[in-house]
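Trainee:
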Amino acid sequence: MRLIAIGRMKDAHERALIDRYVKRLSPALTITELPDGKGSPGEIKRREGEALLASLPDRAFVVALDLAGKTPTSEAFADMLTGWLETGRPLCFLIGGAEGLDTPVITRADATLSLGSLTWPHMLARIMLTEQLYRARAIASGHPYHRAGRP
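Read left to right, the sequence shown gives residues 1 to 151 (UniProt numbering).
Printed below as a string of structure tokens:
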């Protein structure tokens, strides 16, 4: 699996949170950081979109994180992730920069996923996605990390 994201994670505490889940994940998650775009907001979005699309491997199954994407439960996400992994295609998650994802990126995506209707800084979105990937794999394997239901 790959996470391709705009911007460089500089904060050691944020990096530590991501590393906590990355080292536990199977299959492994590779993170590719792309530089922030320059120019007007529209130009930034276009340039970042082009960079994201250029970073995709051939035949990639693309999941774009977008406000308008699906908002599954953790259990439903576990099922979705299992299905995506079973395609045999390289699975890539895309996170845009502050301007969001350009239309061609959304169009190219095989699926869109939302972390909810609240706006999250893209660095926190990386952490949240990585944790949810770990949680989904734990659910799929029957590991007790995920506690279903309310107390």
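By construction, the Cβ of each residue, glycine as well, lies at the ideal position given by its N, Cα and C atoms.
Enumerate in chain order the residues of its own chain whose CB-to-CB distance from Ser141 is below 7 Å, with the five nearest sequence positions on each side excluded.
Mentor: Working through the sequence shown from its first residue, we reach residue 141 at position 141. Excluding residues within five positions, none has a Cβ falling inside 7 Å.
Trainee: Are the beta-carbon atoms belonging to Gly39 and Asp102 less than 7 Å from one another?
Mentor: Along the sequence shown, one-based indexing puts residue 39 at 39. Along the sequence shown, one-based indexing puts residue 102 at 102. No.
Trainee: Scan the stretch 31-92 and note each continuous alpha helix (DSSP H) run of 4 residues or more that stays entirely inside, going in chain order.
Mentor: 41-54 and 74-85
Trainee: Could you tell me the alpha carbon to alpha carbon distance between Ala78 and Ala136, rounded to whole angstroms?
Mentor: As a working mapping, residue 78 is identified with position 78 in the sequence shown. As a working mapping, residue 136 is identified with position 136 in the sequence shown. Roughly 4 Å separates the two Cα atoms.
Trainee: Determine the direct distance from the alpha carbon of Leu115 to that of Ser55, and round the result to whole angstroms.
Mentor: Position 55 of the sequence shown holds residue 55. Position 115 of the sequence shown holds residue 115. Spanning the two alpha carbons is a distance of roughly 23 Å.
Trainee: For Thr32 and Arg2, what's the separation of their Cα atoms in angstroms?
Mentor: For this step, residue 32 is matched to residue 32 along the sequence shown. For this step, residue 2 is matched to residue 2 along the sequence shown. Whole-angstrom Cα-Cα distance: 7 Å.
Trainee: When you compare the stretch 119-127 with the stretch 68-78, are there three or more beta-carbon pairs, one atom per stretch, that lie closer than 8 Å?
Mentor: no
Trainee: Rank Leu25, Ile44 and Ala28 by C-alpha distance to the C-alpha of Leu34 and give the top, closest one.
Mentor: Taking the first residue of the sequence shown as position 1, residue 34 is located at position 34. Nearest C-alpha to Leu34: Ile44.
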